[in-house]
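Engineer:
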Amino acid sequence: MEERLLITRIGDPELKSNVLYGYETRTIQVKPYGEVWTKKYLNSLVKKVGEGKVLDTTKTTSKSKNSEKSSEYLLLGYHPIFPGDLYDNKTIPIDELKVENISSVLTYAQILDVVKIEENIYEFTLKSIDRYELESIITLPDESGISADKILIKDIIRVSAKRFPLVLPDEEIPQTEIAISRIEEALTALAKSSVWPKIEQQMLLSNPWNDLYKQNLSEGYKTAKSENVDDELPTYFEAISQLIRYSFANNLTKLKIIEAKTYLQQAEILTNQIIWFYSLMEWSPKEEVVFRSIALFKEALSEDGEMDEIAEATSLNPKSSKKGKKSTDPISDAIVENELNKKVKDNLEKQQREFLLKEKLKVIKETLQEESNNDEDDSEFAKNSKDKIKAKIYPDSVVKLIKSETNKLKSMMSGSPDANITSSYVNVLKSLPWRKVEVETLDINKAREILDKNHYGLGEVKERIIEYLSLIINHKNIAKNSKKDVLLNFDDNHQIDLELFKEEDQNAKVQKNFNNVPILTLVGPPGTGKTSLARAIAEALNKSYIKISLGGVHDESEIRGHRRTYVGAMPGKIIKAIQKTGVSNPLILLDEIDKMSSDYKGDPSSAMLEVLDPEQNTKFQDNYLEHEYDLSKVMFIATANYYENIPKPLLDRVEIIELHSYTTNEKIKIAREHLIDIAIRQSGLTKDQFIIEDDVIEAIIKHYTTEAGVRGLKRQFDKIARKIVTKIVAGENIKEFKIDKETAFKLLGTPKFSGEDKIGKPQIGVVNGLAYTSIGGSTLQIEVIPYLNKNGGFKLTGSLKDVMKESASIAYSFVRSNAKNFGIEFEFESNEIHIHVPEGAVPKDGPSAGVTFTTALISALTQKPVSQDVAMTGEITLRGRVLEIGGLKEKSFAAFKNGIKTVFIPKSNEKNLKDIPEEVLNAIQFVPVEHYQEIFDHLFK
1 MEERLLITRI GDPELKSNVL YGYETRTIQV KPYGEVWTKK YLNSLVKKVG EGKVLDTTKT
61 TSKSKNSEKS SEYLLLGYHP IFPGDLYDNK TIPIDELKVE NISSVLTYAQ ILDVVKIEEN
121 IYEFTLKSID RYELESIITL PDESGISADK ILIKDIIRVS AKRFPLVLPD EEIPQTEIAI
181 SRIEEALTAL AKSSVWPKIE QQMLLSNPWN DLYKQNLSEG YKTAKSENVD DELPTYFEAI
241 SQLIRYSFAN NLTKLKIIEA KTYLQQAEIL TNQIIWFYSL MEWSPKEEVV FRSIALFKEA
301 LSEDGEMDEI AEATSLNPKS SKKGKKSTDP ISDAIVENEL NKKVKDNLEK QQREFLLKEK
361 LKVIKETLQE ESNNDEDDSE FAKNSKDKIK AKIYPDSVVK LIKSETNKLK SMMSGSPDAN
421 ITSSYVNVLK SLPWRKVEVE TLDINKAREI LDKNHYGLGE VKERIIEYLS LIINHKNIAK
481 NSKKDVLLNF DDNHQIDLEL FKEEDQNAKV QKNFNNVPIL TLVGPPGTGK TSLARAIAEA
541 LNKSYIKISL GGVHDESEIR GHRRTYVGAM PGKIIKAIQK TGVSNPLILL DEIDKMSSDY
601 KGDPSSAMLE VLDPEQNTKF QDNYLEHEYD LSKVMFIATA NYYENIPKPL LDRVEIIELH
661 SYTTNEKIKI AREHLIDIAI RQSGLTKDQF IIEDDVIEAI IKHYTTEAGV RGLKRQFDKI
721 ARKIVTKIVA GENIKEFKID KETAFKLLGT PKFSGEDKIG KPQIGVVNGL AYTSIGGSTL
781 QIEVIPYLNK NGGFKLTGSL KDVMKESASI AYSFVRSNAK NFGIEFEFES NEIHIHVPEG
841 AVPKDGPSAG VTFTTALISA LTQKPVSQDV AMTGEITLRG RVLEIGGLKE KSFAAFKNGI
901 KTVFIPKSNE KNLKDIPEEV LNAIQFVPVE HYQEIFDHLF K
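Numbering (the UniProt record's numbering) for the sequence shown: 1 to 941.
1. Judging by CA-CA distance, which residue of S867, Q29, E910, R564 is the nearest neighbour of G874?
2. Kindly indicate which residue of G776, A161, A419, D937 has the alpha-carbon position closest to the one of residue 942.
3. Can you pull the DSSP bridge partners for I657?
4. What span of residues does the beta strand (DSSP E) with E123 cover, start to end?
5. For the alpha helix (DSSP H) containing Q266, list its first residue and its last residue.
6. Taking the beta strand (DSSP E) that E438 falls in, what are its first and last residues?
7. Using a Cβ distance threshold of 8 Å, determine whether the region 671-684 contacts the region 704-723, with at least three qualifying pairs required.
8. Once DSSP output is grouped into helix, strand and coil, what is the label at E783?
9. Would M203 and L106 qualify as a contact pair, given that the criterion is a beta-carbon distance under 9 Å?
10. Using the DSSP secondary-structure output, state which residues sit across from S778 in a beta bridge.
11. Taking I473 as the reference, give the member of I678, I117, K633 with the closest Cα.
12. Would you kindly work out how many angstroms separate the C-alpha atoms of K390 and E438, rounded to a whole number?
13. Counting only the same chain and skipping the five closest in sequence on each side, list residues whose C-beta sits under 6 Å from that of A679.
14. For H674 and G552, I'd like the C-alpha separation in whole angstroms.
15. Is it buried or exposed, L6, if we count other Cβ atoms within 10 angstroms and call 16 or more buried?
16. Starting from Y23, follow its DSSP beta bridges and name the residues at the other end.
17. Between which residues of its own chain and D230 is the CB-CB distance below 6 Å, once the five residues before and five after are set aside?
18. Can you tell me which residues form a DSSP beta bridge with N831?
19. Helix, strand or coil for M804, going by three-state DSSP, please let me know.
20. Under the DSSP definition of a beta bridge, which residues are partnered with S160?
21. Can you name, in chain order, every residue of its own chain whose Cβ lies under 8 Å from the Cβ of A860, other than the five neighbours on each side?
22. For F753, does the count of other Cβ atoms within 10 angstroms reach 16, so buried, or fall short, so exposed?
23. Give the DSSP-derived three-state secondary structure of G572 in the structure shown.
24. Does the region 421-431 come close enough to the region 451-469 that 3 or more CB-CB pairs lie under 8 Å?
25. Quick check on this structure: which residue in Y772, G760, I697 has the alpha carbon closest to the alpha carbon of A708?
26. List, from N- to C-terminal side, the beta strand (DSSP E) runs of 3 residues or more that fit wholly inside the region 525-565.
27. If you draw a straight line from the alpha carbon of K502 to that of S385, how long is it in whole angstroms?
28. Considering just the uninterrupted stretch of the alpha helix (DSSP H) at F893, what are its terminal residues?
29. Here's the rule I'm using: 16 or more other beta-carbon atoms within 10 Å means buried, otherwise exposed. How should S661 be labelled?
30. Where I575 and N617 are concerned, what is the direct C-alpha to C-alpha distance, given to the nearest angstrom?
31. In angstroms, rounded to a whole number, what distance separates the CA positions of R163 and Y23?
32. What residue does the beta strand (DSSP E) around T877 start on, and which one ends it?
33. Suppose the cutoff is 7 Å on Cβ atoms and the five residues either side in sequence are ignored; what does the same chain contact list for K388 look like?
34. Helix, strand or coil for H931? Go by DSSP, reduced to three states.
35. How is T441 classed by DSSP in three states: helix, strand or coil?
36. May I ask you to list the residues that DSSP assigns as paired with A109?
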């Protein structure tokens, strides 16, 4: 038979397509084209079928003379478009389709209706009659010499096709019957179970013709009949025709079914389709039972029901193989083979698709010149490499490493994870300064001038820093004079230091000669100027300054970096700081070095040992860099609040410079020279709009701050400035604003502290102690009361830690053993003593309260009061000796602020009195003692 050929593109997202099987009626959308589908013919076809000239189509399809005049027929061809072709943009244009691109099986169909949707898009309603196989092609005369499979579809006038009947060999009849029976049984069982709604929901969401499927369900289960079906085969044909509807088979699956030559092959395709239901989602144990109770799934699923994929659920199941069970069912074998092939094909298609898309993306980026980062890095590296002098920035080993990694990168697939990792690694290597250093200022007088300008007081600290800088400058001068060819000029502000990364005869002695300057650690309470001092040092030496905050760092990788094999790997904080400054001799401030912690990921303080040790940091190893980096020219300055919290091995590698609390006079000077100017500048005021006298500043210090530094005082000035600005913005004309005490208190609110001496009347069992914390010195009162208790002994409260508890225990034992000498008449066995340190929410520790515990016990047990203008500090032994303590300067400041007149200190600390400001020495009488008996004689006799 000969008919016109109409092509539908299966899988085209723009058009509605359907594969016709059996005698079903379907609607498709097509773009007719070619020599036969002219607009004239299409318009006549629309008019003809639209006028109802196509008569009753439910009757017989045998062609009588009348029906031929009233009906139109065609051969429907299928061009499958696979998802991979859509993703890779490989879809063949419709006017380039050839015979080889379409399926060889055609559907002979009657045209029931034709509607024009829009220009060149028509909707055909077709009724399938039978399937045919392409036999010959009738084309234009010009195309007669072309091979049949190369002929363009648009050049075809007619096609000749022969009927393509289904075959049912005798030997396949039992297998076919079993297969169809199992499919019907499985669908029936599933439809009656609780899993069917879930299957239906999942399949309808992904099925491109789900609306049509719902329509089929509403029509009920109908049996197709036709005279063209062989009388001996109608059962199989009708069954498969209906089973296709209820198996949710998509168009590509239906196309495979109509291309199958036997009913058994069609049944096997349907079997695979239905078994796929099991892999749609995770099923509950009860739902697993439903599947295992169906014969079709029983053979395909493992006995424990834990397989996620159909292929693994058959012969690939290790449990099944252990029992020696081997599948002999061709259906199961076909399932496994089909799933394996599908997986391989999907993986290959995915890789090819990703490769092509990434290659296209690369070409687009190159065209638009968007590879700015890589281009900049490469251009700078290439520019330096071409210059004979600038090329010496990079050590030979680094150049070899860059070339090696670049060659690896060229052989990698663009855009792959390995390529991205290697590209980032190469960029880091190129961006590091290596031998590039800054030109430093070697002028000690300028350094002294900058320190004096930026900081008031701190005479001893400044002198230590000047000595430290003098040592560095002296070494620089020696190196400059002895080896003139060591430093090469790079530009006006930078040089190339050939001493860095010495690759020949690099030994510890040579490095030690020019790198034996100890690393400074500035220790002091918050707000005492540690960070600003480091900035001043950087300014004095004309060095780049960068700060690394170590507070809370608990992972060693943050110092040493991550291995670059890990996702998101990056260099450590040290290398990143050098990379950011762009030179190998910056000043790096290691802030809060005492706040580092450790956990299961490692101890960062151990990693800092290599950084801060001059003997080791010439070959610092960063895990990400995988190449040693010379840190010998880097100036490290660390800060800490409390040096006792610095790990001992780390403390051994640094030189401590202590910054103590400021006195009131020092705070007034700092406020006058720095803080007020900063507040005026930040708020936009003039000096006339912020006039304040020294007595007002002193009042603010006493009533609103108790800190060791001046950070809180700065906040008070900022608050006053904001209040003044608010008045100006509100409309007040303020050209001059004088701040007296009354105005300051009004602007700042209720005073936080009384500002008066906290000295009260002498009390029994209450004694003032002195403490030294990370935020400076403080006073604490120790209270003791005895009461009747047959158990005796003593108890401690006030959140005391182990060392302080031991001090209290030693004091109790000392007092009890010397009770007669102290005039104590007290029944220790029948009375309990309660020792308390107020502010119980604050943890307290340290041995220096030993003499305070002892004095409070003696006062309570002898009922003799102790004057509250007396304080003491010192560790006591069981024999009464008073041992040396630390932080005397901070403790003396605390006593001074609280109006203490007399302070007992250990004799060993008498040498530290020279560090205490004269203002404090004039206000407090310090009494050095070697034995507690001296304190007892002074207070109780």
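All C-beta atoms in this analysis are idealised placements derived from N, C-alpha and C, irrespective of residue type, glycine included. Please read all numbers here as calculations on a predicted model, not as lab measurements.
Structural biologist: On the basis of the supplied data:
1. The residue you call residue 874 lines up with position 874 of the sequence shown. Among S867, Q29, E910, R564, the Cα nearest to that of G874 is on E910.
2. In this structure the chain extends from 1 to 941, so residue 942 is not present and cannot be described.
3. Here residue 657 refers to the residue found at position 657 of the sequence shown. According to DSSP, which records beta bridges pairwise, I657 is partnered with L522.
4. Translated into the one-based positions of the sequence shown, residue 123 becomes position 123. Looking at the DSSP string, the run of the beta strand (DSSP E) that includes E123 is 121-139.
5. Along the sequence shown, read from residue 1 onward, the residue named residue 266 stands at position 266. Residues 263-275.
6. Numbered from 1 along the sequence shown, position 438 holds the residue referred to as residue 438. It spans 436-438 - the beta strand (DSSP E) in which E438 sits, taken as one unbroken run.
7. yes
8. Counting from one through the sequence shown, the residue named residue 783 turns up at place 783. E783: strand per DSSP, three-state reduction.
9. Locating residue 203 in the sequence shown gives position 203, where the first residue counts as 1. Locating residue 106 in the sequence shown gives position 106, where the first residue counts as 1. No, they are not a contact pair.
10. Start at 1 with the first residue of the sequence shown, and residue 778 comes out as number 778. DSSP, once it has assigned bridges, lists A771 as partnering S778.
11. Here residue 473 corresponds to residue number 473 of the sequence shown, with the count starting at 1. For I473, the nearest C-alpha among the options comes from K633.
12. Within the sequence shown, residue 390 is the residue found at index 390, counting from 1. Within the sequence shown, residue 438 is the residue found at index 438, counting from 1. Approximately 14 Å, taken between the alpha carbons.
13. In the sequence shown, counting from the first residue as 1, residue 679 sits at position 679. Excluding residues within five positions, the ones whose Cβ falls inside 6 Å are F717, D718, A721.
14. Locating residue 674 in the sequence shown gives position 674, counting from the first residue. Locating residue 552 in the sequence shown gives position 552, counting from the first residue. Taking the straight line from one Cα to the other gives about 31 Å.
15. For the purposes of this step, residue 6 is taken as the residue at position 6 of the sequence shown. Flag for L6 reads buried.
16. The count along the sequence shown starts at 1 and reaches residue 23 at position 23. Looking at the DSSP assignment, Y23 forms no beta bridge with any residue, so it has no partner.
17. The count along the sequence shown starts at 1 and reaches residue 230 at position 230. Here the model assigns D230 a pLDDT of 42, short of 50, so the residue's position is not dependable and the matter cannot be decided.
18. Here residue 831 refers to the residue found at position 831 of the sequence shown. For N831, which the question treats as bridged, DSSP gives the partners L788.
19. In the sequence shown, residue 804 corresponds to position 804, counting from 1. In this structure, M804 counts as helix in the three-state DSSP scheme.
20. The residue given as residue 160 occupies position 160 in the sequence shown. For S160, which the question treats as bridged, DSSP gives the partners E2, S136.
21. Here residue 860 is taken as the residue at index 860 of the sequence shown, counted from 1. Same-chain partners within the cutoff: I764, G765, V784, I785, P786, I833.
22. Numbered from its first residue, the sequence shown carries residue 753 at position 753. With fewer than 16 other Cβ atoms within 10 Å, it is exposed.
23. If you number the sequence shown from 1, residue 572 lands on position 572. Reduced to three states, the DSSP call for G572 is coil.
24. no
25. What you label residue 708 is simply residue 708 of the sequence shown in a count that begins at 1. Closest by alpha carbon: Y772.
26. 545-549
27. Stepping through the sequence shown from its first residue, residue 502 is reached at position 502. Stepping through the sequence shown from its first residue, residue 385 is reached at position 385. Distance between the alpha carbons of K502 and S385 is about 19 Å.
28. Translated into positions along the sequence shown, residue 893 becomes position 893. Per DSSP, F893 belongs to the alpha helix (DSSP H) from 888-897.
29. Position 661 of the sequence shown holds residue 661. S661 is buried by the Cβ-count criterion.
30. Along the sequence shown, one-based indexing puts residue 575 at 575. Along the sequence shown, one-based indexing puts residue 617 at 617. One C-alpha to the other measures close to 12 Å.
31. Position 163 of the sequence shown, counted from the first residue, corresponds to residue 163. Position 23 of the sequence shown, counted from the first residue, corresponds to residue 23. Rounded to the nearest angstrom, the two C-alpha atoms are 15 Å apart.
32. Translated into the one-based positions of the sequence shown, residue 877 becomes position 877. First-last for T877: undefined, no H or E at that position.
33. Indexing the sequence shown from 1 puts residue 388 at position 388. Contacts found: none.
34. One-based indexing of the sequence shown puts residue 931 at position 931. In the structure shown, H931 sits in a strand (DSSP, three-state: E or B).
35. As a position in the sequence shown, residue 441 is number 441, starting the count at 1. DSSP places T441 in coil when its eight states are reduced to three.
36. Walking along the sequence shown from the start, residue 109 turns up at place 109. According to DSSP, A109 bridges with L74, S128.
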